[in-house]
Every structure is written in C-alpha cells, then in structure tokens.
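Below is one structure, written out as structure tokens; the observations come after it.
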Amino acid sequence: MAKITFIGLGNMGGPMASNLVNAGHDVTVFDLSKAAVEALVGEGAKTADTAEAAAQGAECVITMLPAGKHVEAVYLGDDGLLAKLPAGTLVIDSSTIAPETARGVAEAASAKNLDFIDAPVSGGVGGAKAGTLTFICGGEESTFNRAKPILEAMGKNIFHAGPHGSGQVAKICNNMLLAILMAGTSEALALGVRNGLDPAVLSEIMKQSSGGNWALNVYNPWPGVMEGAPASRDYQGGFLVNLMTKDLGLAFDNAVKNQASIPMGALARNLFQLHAGQGNGELDFSSIQRLYKPE
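Heads up: take any position in the sequence shown, counting from 1, add 3, and you land on the numbering used here.
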C-alpha cells in the first residue's frame, strides 16, 4: 500500500480519497474546508495544516481542484509543491484543466525529476462514491503504469490517452459531447410534453430507439422520471452547471487555438452560460431542462 497525499476534497475528491482509505492506503488529506477534512479523518485519513505539510513523506500526491489557476497555485512557484517534493515522487492531477496548463505543470515536474500524469475523470459523483470512475491519463507510459494500481482503487476504467495533456483533451471532448446530449435530450423531452406526452413514457420510447444516449438512459433531466437522478431531487448535488460551463469554455478555447469547428459545442456553451447567468450555476447540469420545461 502507498503513502498518498490527497488535496481537494470537494464533491469528487472527497469520495475518491475515501476509496483510497478503504483500499488500505496510508492517506493524508488537505482541503480549505474543515468539514471535508474532518469527514475523511473520521474514516481513517490523516491531515495537516498546509498542503506542503500534508505532502511530506508522500510517495504519491493527488490533486482534484476546481480550475487550472488552483492547480498552478498548488504546484508552481517557489512555494509550490513541485519545489518541495523529493525526486521520484508520483504526482497525479485529476482536475479538469486546459491541456496547455497540464503540459506546463508536467514540464515543471520533469525539471524536478518528478513523475507527473494528468488524469481527469468521468463518471460523476456517483462514480466517485462507487469507485467506478473512468480515468483518462496523459503522460509517459512508465508513469501511467506506476499510477494505474493507485487509480484502480478509485475507478474501473483506466485509459492512457497519450502524452502529457492528452487526458485533458479527451476529457473536454467527452464533456462537450455530454453537454450537447443533455441539451438535446432536454429539448426533445420538452417538445414531447408540449404535445401532451408523458415524459416517462417518451423517455422509455427514446431509450429503446435510436435516440437513446447516456443523458437519457442514466441521468434523465426531467423531474420525477428517474429515481435517484439529480432532476428528482430538485437538481441538487451532482456535476454543477458552473463546472460544465467551465469545461465548455476549455473546449471552446482549445477549438479556437487549433482552428477546429465546433458549432454544436459553441451553442451548448452559450446555453449553459445563459442558464448559469439565470442563477442556476450551483445546480446539477441536468437542470438545463429548466430552459425548456413548460410551466
């Protein structure tokens, strides 16, 4: 079992760290939220007053942070962790950030003889709690092979997408598609209901037809149709609109940089920005249904 430091105990990071503890790893956690830290300590994790102190003696450091600026703040500069960690430490960042940011951190880690891999995840809070996340990794194959046994305590599908930054590229492609599917599913359900169809019946018809997709089959956005989905608990919990909007921004920026055409992705970004601007940023992203749902 490994000595692991886990930094970032939000909706995703908390359950991920918990699964590492349950797998028998020696886990030290750090987060600005005392409640989040106390919850993990109650499960058997250790803690420290600072990220640097938490990382002392660690064989592996894992971060799950909201945005690239937070990742850079934790790792880079004279006070960043990369300047403090001993050579050979394994560093795994599971945040969803711009590919160029991941590459920059990877270059800084390599200069310190650290093994860095970007490993964003898919699977949502449910997957984080169940330990069934998909990890999409970018980095050297040797580092990927070193990280894989640790990641397997938190996920069931572990992919090596390619060199540094590749994990982030694959992740933003996936989330752009997810946003398009969720908006399209919401639109189709609203049209059916406008015509008098039962949303549960319409959902089942589309699930068994060519319109079936993950948003419809697993994460139905219409309230009351799928027990346990965020839509059936007033869109509380899950993957926040603000985070989806951030990820769509990453996809848009990457498309501009690489001169790629993403008309549907750009439209999805506009829809989620509109939805967030109407005060829904802290709701689950399936609440995009509210843009279409007839009152």
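Just so it is clear, CB atoms sit at the ideal spot from N, CA and C, and this is done for glycine as well.
Annotation for Gly165: the continuous beta strand (DSSP E) segment containing it runs 158 to 165. Using a Cβ distance threshold of 8 Å, Ser189 and Pro233 do not count as a contacting pair. Taken atom to atom, the span from the alpha-carbon of Ile161 to that of Val108 is near 21 Å.
Excluding residues up to 5 positions away in sequence, Pro202 lie with their Cβ nearer than 6 Å to the Cβ of Val196 in the same chain.
The Cβ atoms of Gly11 and Asp29 do not sit closer than 8 Å to each other.
Within the model, the alpha-carbon separation for Ser97 versus Glu41 is close to 22 Å. Relative to the Cα of Gln292, the nearest Cα in the group Pro224, Ala105, Ile153 belongs to Pro224. Under the Cβ criterion (8 Å, minimum of three pairs), the region 77 to 94 does not count as touching the region 121 to 128. Shown here, Ile208 sits in a helix according to DSSP, grouped into three states.
When only Cα atoms are considered, Ser235 and Val128 end up about 16 Å apart.
Runs of the beta strand (DSSP E) spanning 3 or more residues and lying entirely within the region 56 to 96 occur at 63 to 66, 93 to 96, in chain order. In this structure the region 159 to 178 touches the region 247 to 258; the number of beta carbon pairs closer than 8 Å is three or more. Here the C-alpha atom of Leu200 lies approximately 27 Å from the C-alpha atom of Gly241. The straight-line gap separating the alpha-carbon atoms of Gly141 and Thr50 is approximately 29 Å. In the structure shown, the three-state DSSP call for Ile100 is coil.
For the 8 Å CB-CB criterion, Val77 and Ile100 do not form a contact. The region 258 to 268 makes no contact with the region 214 to 222; the number of CB pairs closer than 8 Å stays below 3.
Under a 10 Å Cβ-count criterion, Thr146 is classified as buried, with 16 or more other Cβ atoms of the shown protein chains found around its own Cβ. Less than 8 Å divides the Cβ of Ala57 from the Cβ of Thr31.
Here DSSP, grouped into helix, strand and coil, assigns Thr135 to coil.
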